[in-house]
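First residue of the sequence shown: 1007, per my numbering; consecutive thereafter. Ideal Cβ positions, reconstructed from N, Cα and C, are used throughout, including at glycine. Just so we're clear, the structure is a prediction, and the values are computed from it rather than from any experiment. The structure appears right after this line, and notes come after that.
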Amino acid sequence: MKEMFKEKLRLGIFTTDAKEALQYNFKSSTNVLLNQELIPLGIATDIDKMKDFIQEKLPE
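Structure representation (structure tokens):
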């Protein structure tokens, strides 16, 4: 996704016990957020669905 959206997307990867993640009280080990919105796992793990989701959310 980072290669596809280049400078429009800032990527951060954190463990669930990182200070950045603590505010979300995650219940599982795989969580994906876009602009603080939790993305359903079925979308986050499917490249085509995730691409469509990001395109809908990001400004042109």
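- DSSP places residue 1019 outside both helix and strand once states are collapsed to three, so it counts as coil.
- The three-state secondary structure of residue 1064, taken from DSSP, is coil.
- The closest CA to that of residue 1015, considering only 1021, 1007, 1055, is found on 1007.
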